[in-house]
Amino acid sequence: MTKLIALVDGSVYSRSVCEHAAWIAARAGEGARVEVLHVLGRRQAEGGAANLSGNIALGARTALLNELAELDERAAKLAKARGRAILDDAAKVLDEAGVADVTTRLRSGDLVETLAEMEAEADLVIVGKRGEAADFARLHLGSNLERIVRGARKPVFVAARGFRPIKRLLIAYDGGTSALKAVDHIARSSILAGLDCHLLTVGQETPELRRSLEGAAAMLKGGGYRVTADMRPGQPETVIAEAVEKDGIDLLVMGAYGHSRIRSLIIGSTTTEMVRSCKVPVLLFR
Numbered sequence: 148m149t150k151l152i153a154l155v156d157g158s159v160y161s162r163s164v165c166e167h168a169a170w171i172a173a174r175a176g177e178g179a180r181v182e183v184l185h186v187l188g189r190r191q192a193e194g195g196a197a198n199l200s201g202n203i204a205l206g207a208r209t210a211l212l213n214e215l216a217e218l219d220e221r222a223a224k225l226a227k228a229r230g231r232a233i234l235d236d237a238a239k240v241l242d243e244a245g246v247a248d249v250t251t252r253l254r255s256g257d258l259v260e261t262l263a264e265m266e267a268e269a270d271l272v273i274v275g276k277r278g279e280a281a282d283f284a285r286l287h288l289g290s291n292l293e294r295i296v297r298g299a300r301k302p303v304f305v306a307a308r309g310f311r312p313i314k315r316l317l318i319a320y321d322g323g324t325s326a327l328k329a330v331d332h333i334a335r336s337s338i339l340a341g342l343d344c345h346l347l348t349v350g351q352e353t354p355e356l357r358r359s360l361e362g363a364a365a366m367l368k369g370g371g372y373r374v375t376a377d378m379r380p381g382q383p384e385t386v387i388a389e390a391v392e393k394d395g396i397d398l399l400v401m402g403a404y405g406h407s408r409i410r411s412l413i414i415g416s417t418t419t420e421m422v423r424s425c426k427v428p429v430l431l432f433r
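In structure tokens:
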């Protein structure tokens, strides 16, 4: 049984998240289920407007505070109603796409903390590349995306703005731990089985790196994939982006952290750049 968590926020990416979730659920086969999650921030759920009473006289201040409290309560109710509407819309998209097992959940609190509580039983987290506030800022990633990738223990599927069926995938492979994890996961997974698989290493060729690339290709072939493996010089961000465009790639797979990068509070710079610039979904492994 495969469980997917689809994060929706009402942005234009929410529909894409649901359509990708439906595609993955169909590939996963019978028993696949999708849990759609919308998280209200604490201020949204509880109100909490700033105290604007200042040095107003006591009677007027009391009346103002009462009015502010009422406004807070109404704002919280509206946020919850909007959240339920977002979830209803998402469930409808999944239902129309043929997903039989769909649940919706409206939660309050910190998004990453909520996801940490819920992802233990999940196999994959699906999120839009940009959030509601960043729809038209192409070079700006959603404020929560990096926090989600940093905190998630399960693979994170970052949906592009629009959905298209996935036929070709490219694995950006650098021999690092997270890249090896990605190859192993894909070799054993049925979700991407049968797709054309391209394996690409960018950088100066060394015997060790060549052996590692060939070993990764052998692992994927053992999983039943048709694999082409290539090693190219240059800057990873540029070479990978060119390969995605030139080879008609529908899904980019990569590790969230590079081979030589010390794990820090930000995801690897190449990963960040590829998520930002690529027009196709990106599947990330820690």
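Under the numbering used here, the first residue of the sequence shown is numbered 148, with each subsequent residue one higher. Built from N, CA and C at the ideal position, the CB exists for glycine as well.
So, under 8 Å CB-CB, Ile-273 and Phe-304 are touching, yes? Tell me the CB distance rounded to an integer number of Å.
Position 126 of the sequence shown, counted from the start, is the residue given in the question as residue 273. Position 157 of the sequence shown, counted from the start, is the residue given in the question as residue 304. Contact flag correct, Cβ pair sits at about 5 Å.
Outcome for Lys-276 when other beta-carbon atoms lying within 10 angstroms are tallied against a minimum of 16:
Position 129 of the sequence shown holds residue 276. Buried.
Could you name the residues of the same chain whose beta carbon sits closer than 7 Å to that of Glu-166, not counting the 5 residues immediately before and after it, in chain order?
For the purposes of this step, residue 166 is identified with residue 19 of the sequence shown, where counting begins at 1. Result list for Glu-166: Val-240, Ala-244, Phe-310, in chain order.
In terms of residues, what are the limits of the alpha helix (DSSP H) holding Cys-425?
Sequence index remark: in the sequence shown, residue 425 carries index 278 (1-based). Counting along the chain, Cys-425 falls outside any alpha helix (DSSP H), and DSSP gives it neither H nor E.
Output yes or no for whether 8 Å exceeds the beta carbon distance between Ala-179 and Asp-236.
For the purposes of this step, residue 179 is taken as the residue at position 32 of the sequence shown. For the purposes of this step, residue 236 is taken as the residue at position 89 of the sequence shown. Going by C-beta atoms, Ala-179 is not nearer than 8 Å to Asp-236.
State the DSSP-derived secondary structure class of Asp-148, mapped to helix, strand or coil.
Residue mapping note: residue 148 aligns to position 1 of the sequence shown, counting from 1. First, the amino acid is wrong: residue 148 is Met here, not Asp. It is coil, neither helix nor strand.
Do Leu-346 and Ala-388 have their CB atoms nearer than 8 Å?
As a first step, residue 346 is located in the sequence shown; it is residue number 199 there, counting from the start. As a first step, residue 388 is located in the sequence shown; it is residue number 241 there, counting from the start. Not closer than 8 Å, so no.
Hey, Val-159 and Arg-308 are a contact pair by Cβ (cut 8 Å); roughly how many whole angstroms apart?
Taking the first residue of the sequence shown as position 1, residue 159 is located at position 12. Taking the first residue of the sequence shown as position 1, residue 308 is located at position 161. With a Cβ gap of about 7 Å, Val-159 and Arg-308 count as contacting.
Do three or more CB pairs link the region 422-433 to the region 391-405 at distances below 8 Å?
yes
Looking at the unbroken alpha helix (DSSP H) that takes in Arg-162, where does it start and where does it end?
By 1-based counting over the sequence shown, the position of residue 162 is 15. Note, Arg-162: alpha helix (DSSP H), 160-175.
Please go through the same chain and pick out, in chain order, the residues whose beta-carbon is closer than 7 Å to the beta-carbon of Glu-268, but skip the five residues on each side of it.
Residue 268 sits at position 121 when you count from the first residue of the sequence shown. Result list for Glu-268: Lys-150, in chain order.
By DSSP, does Gly-402 sit in helix, in strand, or in coil?
Here residue 402 is taken as the residue at index 255 of the sequence shown, counted from 1. Gly-402: strand per DSSP, three-state reduction.
Find the nearest neighbour of Lys-368 within the set Asp-343, Val-349, Val-386, judged by alpha-carbon distance.
Counting from one through the sequence shown, the residue named residue 368 turns up at place 221. Of Asp-343, Val-349, Val-386, the residue nearest in Cα terms is Asp-343.
So the candidates are Ser-336, Met-378, Ile-333, His-332; which of them puts its Cα closest to the Cα of Pro-354?
On the sequence shown, position 207 is the one that residue 354 refers to. Considering only alpha carbons, the answer is Met-378.
Nearest to Ala-365 by CA position, among Ser-255, Thr-324, Lys-393, Ile-333, is which residue?
Taking the first residue of the sequence shown as position 1, residue 365 is located at position 218. Ranking the options by Cα distance to Ala-365, first place goes to Ile-333.
Three-way DSSP call (helix, strand, coil) for Ile-387 in this model:
Taking the first residue of the sequence shown as 1, we reach residue 387 at position 240. Ile-387 falls in the helix class under three-state DSSP.
Identify whether Leu-342 lies in helix, strand or coil by the three-state DSSP scheme.
Here residue 342 is taken as the residue at index 195 of the sequence shown, counted from 1. Three-state result, Leu-342: coil.
From the DSSP secondary-structure annotation, give me the bridge partner or partners of His-185.
In the sequence shown, counting from the first residue as 1, residue 185 sits at position 38. DSSP lists Leu-253 as partners of His-185.
Pair within 8 Å by beta-carbon distance, Val-164 and Ala-306
If you number the sequence shown from 1, residue 164 lands on position 17. If you number the sequence shown from 1, residue 306 lands on position 159. Yes, they are a contact pair.
Can you tell me whether Thr-353 is helix, strand or coil according to DSSP?
Numbered from 1 along the sequence shown, position 206 holds the residue referred to as residue 353. Correct three-state label for Thr-353: coil.
Does the distance from the C-beta atom of Trp-170 to that of Pro-302 stay below 8 Å?
Here residue 170 corresponds to residue number 23 of the sequence shown, with the count starting at 1. Here residue 302 corresponds to residue number 155 of the sequence shown, with the count starting at 1. No. Outside cutoff.
Member of Leu-292, Cys-425, Leu-271, Thr-324 whose CA lies at the smallest distance from the CA of Met-148:
What you label residue 148 is simply residue 1 of the sequence shown in a count that begins at 1. Selected option, being the one with the closest Cα: Leu-271.
Which residues does DSSP list as the beta-bridge partners of Leu-154?
For the purposes of this step, residue 154 is taken as the residue at position 7 of the sequence shown. Beta-bridge pairing links Leu-154 to Leu-184.
Quick one: Cα of Ser-337 to Cα of Ala-222, how far?
The residue given as residue 337 occupies position 190 in the sequence shown. The residue given as residue 222 occupies position 75 in the sequence shown. If I take the Cα positions, the gap works out to 45 Å.
Check Arg-294 in the structure and name its three-state DSSP category.
The residue you call residue 294 lines up with position 147 of the sequence shown. If DSSP states are grouped into helix, strand and coil, Arg-294 belongs with the helices.
What's the call for Glu-439, buried or exposed, on a 16-neighbour Cβ count within 10 Å?
Beyond the ends of the chain as shown, which are 148 and 433, falls residue 439; an answer cannot be given.
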